[in-house]
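Under the working numbering, the first sequence has 226 at position 225, and the numbering climbs by one with no breaks.
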Amino acid sequence: MSEHVRVRFAPSPTGYLHVGGARTALFNWLYARKTGGKFILRIEDTDVERSTQEAVDGLLRDMKWLGLTWDEGPEVGGPHGPYFQSQRLEIYHRYARQLVEKGAAYPCFCSEEELEAKRMKAEEEHRSVHYDGTCRRLSKEEVDRRIAAGEPHVIRVKVPEKDYILDDLVRGKVEWKAETLGDFIILRSSGMPVYNFCVVADDADMQISHVVRAEEHLTNTHRQLILYEALGIKPPVFAHASLILGEDKTKLSKRHGATSVGQYAEDGFLREAMINFLALLGWNEGTDREIYSVEELKERFSLERISKSPGVFDHAKLTWMNGQHLRALPVDQLLPMVEPLLKKAMPEETRLQNPEILRKLVELIQIKMNVLNDAVDVARSFLQAGEPENEEAAAMVATEKSQKLFAALADEFSRCEWVRDGYNAAIKAAGKIAEAKGKDLFMPIRVKITGTCHGPDLVGILDVLGRDETLKRLK
RNA sequence: GCCCCUUUCGUCUAGUGGCCCAGGACACAGCCCUUUCAAGGCUGCGACAGGGGUUCGAAUCCCCUAAGGGGCGCCA
Numbered sequence: 002m003s004e005h006v007r008v009r010f011a012p013s014p015t016g017y018l019h020v021g022g023a024r025t026a027l028f029n030w031l032y033a034r035k036t037g038g039k040f041i042l043r044i045e046d047t048d049v050e051r052s053t054q055e056a057v058d059g060l061l062r063d064m065k066w067l068g069l070t071w072d073e074g075p076e077v078g079g080p081h082g083p084y085f086q087s088q089r090l091e092i093y094h095r096y097a098r099q100l101v102e103k104g105a106a107y108p109c110f111c112s113e114e115e116l117e118a119k120r121m122k123a124e125e126e127h128r129s130v131h132y133d134g135t136c137r138r139l140s141k142e143e144v145d146r147r148i149a150a151g152e153p154h155v156i157r158v159k160v161p162e163k164d165y166i167l168d169d170l171v172r173g174k175v176e177w178k179a180e181t182l183g184d185f186i187i188l189r190s191s192g193m194p195v196y197n198f199c200v201v202a203d204d205a206d207m208q209i210s211h212v213v214r215a216e217e218h219l220t221n222t223h224r225q226l227i228l229y230e231a232l233g234i235k236p237p238v239f240a241h242a243s244l245i246l247g248e249d250k251t252k253l254s255k256r257h258g259a260t261s262v263g264q265y266a267e268d269g270f271l272r273e274a275m276i277n278f279l280a281l282l283g284w285n286e287g288t289d290r291e292i293y294s295v296e297e298l299k300e301r302f303s304l305e306r307i308s309k310s311p312g313v314f315d316h317a318k319l320t321w322m323n324g325q326h327l328r329a330l331p332v333d334q335l336l337p338m339v340e341p342l343l344k345k346a347m348p349e350e351t352r353l354q355n356p357e358i359l360r361k362l363v364e365l366i367q368i369k370m371n372v373l374n375d376a377v378d379v380a381r382s383f384l385q386a387g388e389p390e391n392e393e394a395a396a397m398v399a400t401e402k403s404q405k406l407f408a409a410l411a412d413e414f415s416r417c418e419w420v421r422d423g424y425n426a427a428i429k430a431a432g433k434i435a436e437a438k439g440k441d442l443f444m445p446i447r448v449k450i451t452g453t454c455h456g457p458d459l460v461g462i463l464d465v466l467g468r469d470e471t472l473k474r475l476k
């Protein structure tokens, strides 16, 4: 069975890839990887007005950044293409023709004005606002005549008088009573298919086995079930995950600040952390575990354990989680990630050109970072000499004792061997002369050299700065 | 208005009739470690939406109410 798993992510290219869409994509991808099935990417660009090439490019870029590789879709092709809905029009027409021929769908000549009038009247009379089926009763002759006369028409599907039950993998049984729906449109008068119809046609054509998507599509499933039945095709298994909300508990949108995957990539978040966080937002394996590698998620993911209730996107927790992944990284992996950031931010900083020093620097600052971009501020805080940051710091270096300490230290530093043990001993020796130890010893030195009261390990800083620079700053 | 979904600490969640006067994580507060800040460790704060049932026993099952969300398009 597992080799038949075929899942898809079907975004519409009307904007950037946001975290909600990314999570849907991730759930699908994880399921495919877990089962050894196929993950298909399909671009739903039938809304010509709003779809843009730019959005498609961004979508693909962000998917790649997350590492959500697709087995069939744009750029890679596949046996069920094309993978852009705008290029699949014949397929929709073929399916629509099939339905009309079967008598499961019919042309409708009602104009939008007529329908609007009916809708308003129904509302006034407190009746349900569904299409009344006027054209359903048209004779074959009349239909043929009006089509031949070139009258504009849509295609509607005949909705059977029966209840539908969806057995959703995450929600359980969901039931719709007959008469909650009128005959709905599948083909517009322009000949363009409507969303609910495209989805079914495509999912059927691409032999999708499991439809994993967000809750906003739950009620659409009713129509889709009707369409599958009309087509005589067994529907796929459905799993509806709930929505991701902003801090104010409304559906996550641009108003909530950074919601695009691309933005997080730019802000220095790690792909692994992003995946970890998204996976745990609405899914867990039933344990206390929080930190997972992508590999581990691929092994453990299951559709059944997706949660039903909506979740708030907690930026603070993402940041924490990113820090966890970041600190777990071997320096060899972290280094190439922060190197370009540092060099770009401080092109004049020659120490960054020295591989040995650079490595020491990264080792030193790793523990202080939560996102990659933190590297710049942390490194800058001591690479560049600064005046005391505040009065407290200024007072610390201004005392007579401190002056004595710096003089002694400069002397010791200029003579000692410039290795950790060497300058460590030098600091102690200078401390003895100036009669300072502990905080009183280290703090003034730190402030004198960096200008601030806090930062990474002082000895590590000296290691990065080197003897000449340290002496220069002491004087 | 009609239909559908959801409801455990501020947030993410564990929990599928007794192990739960509810566990973990983020955030917050305090302490420890420490030359500072982080990181780490420990402690604290803090929740079963409300009301009825069922049951010896309910966060867990049923019903009602409320709140939130989604849908009811020739948008996707």
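Beta carbons are placed, not taken as given, at the ideal position from N, Cα and C, and that holds for glycine.
### Message
Can you tell me whether G263 is helix, strand or coil according to DSSP?
### Response
Mapped onto the first sequence, residue 263 falls at position 262. The answer is helix: DSSP assigns G263 an H, G or I state.
### Query
Any contact of the segment 365-372 with the segment 400-417, i.e. 3+ C-beta pairs under 8 Å?
no
### Query
Between I41 and G74, is the Cβ-Cβ spacing less than 8 Å?
In the first sequence, counting from the first residue as 1, residue 41 sits at position 40. In the first sequence, counting from the first residue as 1, residue 74 sits at position 73. Yes, the pair counts as a contact, with Cβ atoms nearer than the cut-off.
### Message
Let's see if you can read the secondary structure: which residues bound the beta strand (DSSP E) around E178?
### Response
In the first sequence, the residue the question calls residue 178 occupies position 177. With the sequence shown as reference, residue 178 is identified as Lys, and Glu is not the correct amino acid for it. Counting along the chain, K178 falls outside any beta strand (DSSP E), and DSSP gives it neither H nor E.
### Query
Any idea what DSSP makes of H455, helix, strand or coil?
Translated into the one-based positions of the first sequence, residue 455 becomes position 454. The answer is coil: DSSP assigns H455 none of H, G, I, E or B.
### Task
Please classify S191: is it buried, with 16 or more other beta-carbons within 10 angstroms of its beta-carbon, or exposed?
Walking along the first sequence from the start, residue 191 turns up at place 190. Answer is exposed; the Cβ neighbour count stays below 16.
### Query
In this structure, does DSSP put S3 in helix, strand or coil?
As a working mapping, residue 3 is identified with position 2 in the first sequence. The pLDDT assigned to S3 is 43, lower than 50, so where the model puts this residue is not dependable; a value taken from the coordinates is nonetheless given after this. DSSP places S3 in helix when its eight states are reduced to three.
### Buried versus exposed, by CB contacts within 10 Å (16 or more), N486
This structure leaves residue 486 out entirely; the chain is present only between 2 and 476.
### Message
Checking 8 Å against the spacing of the C-beta atoms, do L342 and S415 come in under that value?
### Response
For the purposes of this step, residue 342 is identified with residue 341 of the first sequence, where counting begins at 1. For the purposes of this step, residue 415 is identified with residue 414 of the first sequence, where counting begins at 1. Not in contact: L342 and S415 (Cβ atoms no closer than 8 Å).
### Query
Leaving out the 5 sequence neighbours to the left and right, which residues in its chain are closer than 7 Å to D169 when beta-carbon positions are compared?
Your numbering for residue 169 matches position 168 in the first sequence. Here D169 has V175, F239, A240, H241 as same chain residues with Cβ atoms under 7 Å from its own Cβ, once five neighbours each way along the sequence are excluded.
### Query
Name the DSSP beta bridge partners of H211, please?
By one-based count along the first sequence, residue 211 stands at place 210. DSSP, once it has assigned bridges, lists V8, V238 as partnering H211.
### Task
Could you spell out where the alpha helix (DSSP H) holding L18 opens and where it closes?
Numbered from 1 along the first sequence, position 17 holds the residue referred to as residue 18. Counting along the chain, L18 falls outside any alpha helix (DSSP H), and DSSP gives it neither H nor E.
### Query
Do three or more CB pairs link the segment 113-121 to the segment 143-153 at distances below 8 Å?
Between the segment 113-121 and the segment 143-153, the count of Cβ pairs shorter than 8 Å is below three; the stretches do not touch.
### Query
Is G287 buried or exposed, if buried means 16 or more other CB atoms sit within 10 Å of its CB?
For the purposes of this step, residue 287 is taken as residue 286 along the first sequence, with counting starting at 1. G287 should be labelled exposed.
### Query
In angstroms, rounded to a whole number, what distance separates the CA positions of L167 and P237?
Residue 167 sits at position 166 when you count from the first residue of the first sequence. Residue 237 sits at position 236 when you count from the first residue of the first sequence. Answer to the nearest angstrom: the Cα atoms are 11 Å apart.
### Message
Taking only three categories from DSSP, how would you classify D168?
### Response
For the purposes of this step, residue 168 is identified with residue 167 of the first sequence, where counting begins at 1. Under the three-state reduction of DSSP output, D168 falls in the strand class.
### Task
Using three-state DSSP, classify A150 as helix, strand or coil.
If you number the first sequence from 1, residue 150 lands on position 149. Here A150 sits in coil by DSSP.
### Task
Could you check what DSSP says for C136 in three-state terms: helix, strand or coil?
By one-based count along the first sequence, residue 136 stands at place 135. In the structure shown, C136 sits in a helix (DSSP, three-state: H, G or I).
### Query
Who are the Cβ neighbours of W419 in its own chain at under 6 Å, not counting the five residues just before and after it?
Position 418 of the first sequence, counted from the start, is the residue given in the question as residue 419. These residues qualify, in order along the chain: R468.
### Query
Is the distance from the Cβ of P14 to the Cβ of V57 below 8 Å?
Within the first sequence, the letter at position 13 stands for residue 14. Within the first sequence, the letter at position 56 stands for residue 57. Yes, Cβ-Cβ distance for P14 and V57 is below 8 Å.
### Task
Reducing DSSP to helix, strand and coil, say where E73 ends up.
Position 72 of the first sequence, counting from 1, holds the residue named residue 73. The answer is strand: DSSP assigns E73 an E or B state.
### Query
So A11 and E45 are in contact, right, with Cβ under 8 Å, and what is the actual spacing, rounded?
Looking up residue 11 in the first sequence gives position 10. Looking up residue 45 in the first sequence gives position 44. Their Cβ separation, rounded to whole angstroms, is 5 Å, which keeps A11 and E45 in contact under 8 Å.
#### Entry: Backbone secondary structure at V201 - three-state DSSP
Sequence index remark: in the first sequence, residue 201 carries index 200 (1-based). Helix.
### Query
Does DSSP classify R157 as helix, strand or coil?
Residue mapping note: residue 157 aligns to position 156 of the first sequence, counting from 1. Residue state, collapsed to three classes: strand.
#### Entry: Simplified DSSP state of V372, which is helix, strand or coil
Within the first sequence, numbered from 1, the residue matching residue 372 stands at position 371. Of the three classes helix, strand and coil, the one that applies to V372 here is coil, per DSSP.
### Task
Give every residue of the same chain whose Cβ lies closer than 7 Å to the Cβ of A478, excluding the five residues on either side of it in the sequence, and list them in chain order.
Beyond the ends of the chain as shown, which are 2 and 476, falls residue 478; an answer cannot be given.
#### Entry: Contact check, V20 vs L253, beta carbons under 8 Å
Residue numbering aside, residue 20 sits at position 19 when the first sequence is read from its first letter. Residue numbering aside, residue 253 sits at position 252 when the first sequence is read from its first letter. Against a cut-off of 8 Å, the Cβ pair of L253 and V20 comes out as a contact.
### Nearest candidate by alpha-carbon position, reference R51, set L27, S87, P80
For the purposes of this step, residue 51 is taken as residue 50 along the first sequence, with counting starting at 1. Selected option, being the one with the closest Cα: S87.
### Message
To the nearest angstrom, how far is the alpha carbon of D206 from that of D63?
### Response
The residue given as residue 206 occupies position 205 in the first sequence. The residue given as residue 63 occupies position 62 in the first sequence. Taking the straight line from one Cα to the other gives about 27 Å.
### Query
Based on the DSSP secondary-structure assignment, which residues constitute the bridge partners of P194?
Position 193 of the first sequence, counting from 1, holds the residue named residue 194. Looking at the DSSP assignment, P194 forms a beta bridge with L188.
### Query
Once you ignore the five residues that flank E216 on each side, which residues in its own chain have a CB closer than 7 Å to its CB?
For the purposes of this step, residue 216 is taken as the residue at position 215 of the first sequence. H241, A242, S243, L244, listed in sequence order.
### Task
Could you pull the start and end residues of the beta strand (DSSP E) that K250 belongs to?
Within the first sequence, the letter at position 249 stands for residue 250. K250 -> no beta strand (DSSP E), and no H or E assigned at all.
### Message
If you follow the beta strand (DSSP E) that Q42 is in, where does it begin and where does it stop?
### Response
In the first sequence, residue 42 corresponds to position 41, counting from 1. The sequence given here has Leu at residue 42, not Gln. From DSSP, the beta strand (DSSP E) with L42 extends over 39-42.
### Query
Taking the Cβ atom as the reference point for each residue, do V213 and Y84 lie within a distance shorter than 8 Å?
Numbered from its first residue, the first sequence carries residue 213 at position 212. Numbered from its first residue, the first sequence carries residue 84 at position 83. No.
### Message
So the candidates are D464, E390, I434; which of them puts its Cα closest to the Cα of C454?
### Response
Locating residue 454 in the first sequence gives position 453, where the first residue counts as 1. Looking at the Cα atoms, E390 is the closest of the given residues.
### Query
Just to confirm, does E296 get its C-beta within under 7 Å of one of the non-hydrogen atoms of the ligand ATP?
By its list of ligands, the structure shown contains no ligand whatsoever, and the ligand ATP lies outside what it can speak to.
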